[in-house]
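Residues 963 to 1053 in the numbering used here are what the sequence shown lists, from first letter to last.
Think of the CB as a built atom: it goes at the ideal place given N, C-alpha and C, for glycine as much as any other residue.
Here is the structure we will look at, set down as structure tokens.
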Amino acid sequence: MGLNITLWIVAAYILLSLILMPMQYKYITHLKETDQKIKELGLTKEEYYEKMSFETQELHFNAQGNLLFLGANLFSTLLYNWEQRKNRTFE
């Protein structure tokens, strides 16, 4: 009985991660674009995040540090890196 429940919980978490993956993928692509803007402005990431509003800082913290998003972050990061590597090989 305990193993069956554990498998259902794991399956539900994986399904939730796959549902959340498109949102996290957009978030990761936005972060990469922001990294380029930070370099163009000549700021460090610390300086850039200090200039952010409190609400934006909290949104970033929640999207990056919430255990609920851990699987979606992992899948999205792997997908983003795979697509970037694939795009580099064709150029």
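1) Round the Cβ separation of Ala1034 and Leu969 to the nearest angstrom and send it over; I've been treating them as touching at under 8 angstroms.
2) Sort Lys1001, Thr1039 and Lys1007 by Cα distance to Gln1019 and report the nearest one.
3) Are the segment 1030 to 1044 and the segment 973 to 982 touching, with three or more C-beta to C-beta distances below 8 angstroms?
4) Buried or exposed for Ser1015, please, with buried defined as at least 16 other CB atoms from any protein chain shown within 10 angstroms of its CB.
5) Alpha helix (DSSP H) containing Met985: first to last residue?
6) Which residue marks the beginning of the alpha helix (DSSP H) containing Asn1024, and which one marks its end?
To lay it out plainly:
1) Not a contact, Cβ separation roughly 20 angstroms.
2) Lys1007
3) yes
4) Counting Cβ neighbours within 10 Å, Ser1015 comes out exposed, since fewer than 16 surround it.
5) Gly964 to Leu1003
6) Phe1016 to Gly1027
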